[in-house]
Structures are given as structure tokens and as C-alpha cells.
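Student: Following numbering that gives the first Met the number 0, the numbering of the sequence shown begins with 0 at its first residue and continues without gaps.
Backbone N, C-alpha and C fix where the C-beta goes; we use that ideal spot for every residue, glycine too.
Bear in mind that the values here come from a model prediction, so they are computed numbers and not experimental data.
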Amino acid sequence: MLPIPAEELNGSGTLGPYWTFYRAVAAEQLNRWLPGQPSVILDLSGGRGRWSGQAARAGHRVIEVLDFRRTVDGQSRLRDADRVRHVRADDLSFLPDASVDAVLAEERVMSIELMAESAMSDVARVLRPGGRALVCVDSLVLGMAILAEQEQWQHLRQTGEVMLVPWPDGSITRCFSSGQLRELLMGAGLEVEWMRPRTVLSPSTVDHVLGSDARALNYLVRTELEAHPDDDDTVGIHLVASVRKG
């Protein structure tokens, strides 16, 4: 898969069919990952309501942590209000130990959180024994593509170190290889169940197939999720991992 230009990453560029596919893959991954029984789920994915809403509709009670700097969509706040509790916080000190069954850390939240080791340790603390977390981060492939666009050639040789990548908007993202992500998760005392790129099908392939037949979306999603590119960090802009607290 070719790296996606940085200007496309917010979904506002020219790769509309690919982002439709990407969102469908992410939703189905979450659908398959969610606990089979009603559970208490902590959502750290940024207060956009998408992930907590899906979990709530599946019958779970959700604690959605909102970034205190971000304005929350009022519509998403009112929808599923009986199952989703919103908390404005910048850490998890408001939760006692072993208090939730599962944690969602989507929307690249552990890449945006530069103190990711501390954040993952807090995730492990609030998980009950046997609890699970779903974590999405920016990949090393993405970081190298952004640095190449910025002509930061000297930094492309430092792939064995922590890669911090400046974005045009002034933010910084931390990009992970599969080995670095595994180290982060295991360092928090969590067992890695699986790890994979979010998508391995290229934007050009998706665009071609959906351009020929828009009804092929479900077929593409099934094809993606039936692939087994475990630990392969040579493709994909994001890595996704499922972990369990032993």
C-alpha cells in the first residue's frame, strides 16, 4: 500500500471512496471485537461520539472521556445519552483500579499522547483482570511518508528510535513500528492478542473497485478483515492492536 499524502488524512481530500472503505473496516473491526456480554467500556478516542455510540448501540455502558479543549457535538452527546456518560478529563485519575471491562483507544489517541507509556499504564490500571483494550496508532510508514513530504531526509534514517513527526498544523504525532507498539503494550503489563495494519488494500484498489460497483463495499471489507497481515508494519497508515490484561 502506498503511503497516503498527509493532506488526505483528515478525510477531506480526494480519496473519498477509500475513507468510506476505511470507516467501514474500522466499524466492523470494532463490532467483532466488542465483548459478547453487556460491559462497562471506557472510550478514550477523543469525544467525537462515533465509537461510544457504536458500543452503546451494541448494549454496553460507556464512559467517554472528552478532551477538555474540544467542543463536543451536541447531537452525539444527546444520542445514546442513557448509555453513555461523558467526562471531561486529561487523565484517568477519576477512575478506581479494575473498574472497566474494556478500553477503546481509537482515533490515533496513543500517537497524539506523547506520554504514551504513562497513558497505557493507566489503561492497564483501570482494566479488570481479563479486560481488553483496542489501540490504534500512527504507523512508521505514515511517519516516514510525512517526513519525506517535508524533505526531512536526515530523520528518515532514525527508524530504530522513537519517531516524533511535526504536522503542518503544529501538532506532533508519535509513529510506531509493530515492534515499538508491542513494546509499549507489553511494558504496561498487557498481553497482545493480535496486531495488524488497519487496512492493507491500497486506496487505488479500493477506488477502482468501488468506482466499478459501489455495492462492492461489503465484499472489500470482508476481504480486508479475512487477510492476516499480523505484525506487518510495511503497509498501512495505522496499526491496530487488541490486548488483554492477564
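Three or more C-beta pairs closer than 8 Å, one from the segment 129-142 and one from the segment 167-184: is that the case here?
Tutor: Result yes; three or more Cβ-Cβ pairs closer than 8 Å.
Student: Please state if the CB of GLU223 and the CB of VAL208 are separated by a distance shorter than 8 Å.
Tutor: Translated into positions along the sequence shown, residue 208 becomes position 209. Translated into positions along the sequence shown, residue 223 becomes position 224. No, the Cβ-Cβ distance between VAL208 and GLU223 is not below 8 Å.
Student: Just mark GLU225 as buried or exposed, buried being the case when its beta carbon has 16 or more other beta carbons within 10 Å.
Tutor: For the purposes of this step, residue 225 is taken as the residue at position 226 of the sequence shown. GLU225 is exposed by the Cβ-count criterion.
Student: Taking the C-alpha atoms as reference points, what is the distance between ARG165 and GLY58?
Tutor: Here residue 165 refers to the residue found at position 166 when the sequence shown is read from its first residue. Here residue 58 refers to the residue found at position 59 when the sequence shown is read from its first residue. It should be pointed out that residue 165 corresponds to Pro in this sequence rather than to Arg. About 39 Å.
Student: Let me know if PHE175 comes out buried or exposed under the rule of 16 or more other beta-carbons within 10 Å of its beta-carbon.
Tutor: The count along the sequence shown starts at 1 and reaches residue 175 at position 176. It is buried - the Cβ of PHE175 has at least 16 other Cβ atoms within 10 Å.
Student: Would you mind reading off the limits of the beta strand (DSSP E) that contains LEU126?
Tutor: As a position in the sequence shown, residue 126 is number 127, starting the count at 1. 126-138 is the extent of the beta strand (DSSP E) around LEU126.
Student: Go ahead and pull the three-state DSSP assignment for THR172.
Tutor: Taking the first residue of the sequence shown as 1, we reach residue 172 at position 173. THR172 falls in the strand class under three-state DSSP.
Student: May I have the straight-line CA-CA distance separating SER211 from SER51, to the nearest angstrom?
Tutor: Along the sequence shown, read from residue 1 onward, the residue named residue 211 stands at position 212. Along the sequence shown, read from residue 1 onward, the residue named residue 51 stands at position 52. Approximately 33 Å, taken between the alpha carbons.
Student: Quick one: is THR233 buried, meaning 16 or more other Cβ sit within 10 Å of its Cβ, or exposed?
Tutor: As a first step, residue 233 is located in the sequence shown; it is residue number 234 there, counting from the start. Exposed: under 16 other Cβ atoms inside 10 Å.
Student: How would you write the range of the alpha helix (DSSP H) that ASP100 sits in, first residue to last?
Tutor: Numbered from 1 along the sequence shown, position 101 holds the residue referred to as residue 100. Looking at the DSSP string, ASP100 is not in any alpha helix (DSSP H); the run it does join, the beta strand (DSSP E), is 99-104.
Student: In this structure, how does DSSP classify GLY235 when only helix, strand and coil are distinguished?
Tutor: Counting from one through the sequence shown, the residue named residue 235 turns up at place 236. Three-state DSSP puts GLY235 in coil, outside helix and strand.
Student: Let's test the definition: count the other Cβ atoms within 10 Å of the Cβ of GLY235 and tell me whether it reaches 16, buried, or not, exposed.
Tutor: If you number the sequence shown from 1, residue 235 lands on position 236. So GLY235 counts as buried.
Student: Hey, is the segment 121-130 in contact with the segment 92-109, meaning 3+ C-beta pairs nearer than 8 Å?
Tutor: Flag = yes, the segment 121-130 and the segment 92-109 touch.
Student: If you run the structure through DSSP and keep just helix, strand and coil, what is PRO228?
Tutor: The residue given as residue 228 occupies position 229 in the sequence shown. Three-state result, PRO228: coil.
Student: Inspect the beta-carbon positions of LEU91 and ASP121 and report whether they are closer than 8 Å.
Tutor: By one-based count along the sequence shown, residue 91 stands at place 92. By one-based count along the sequence shown, residue 121 stands at place 122. Yes, these two residues count as a Cβ contact at 8 Å.
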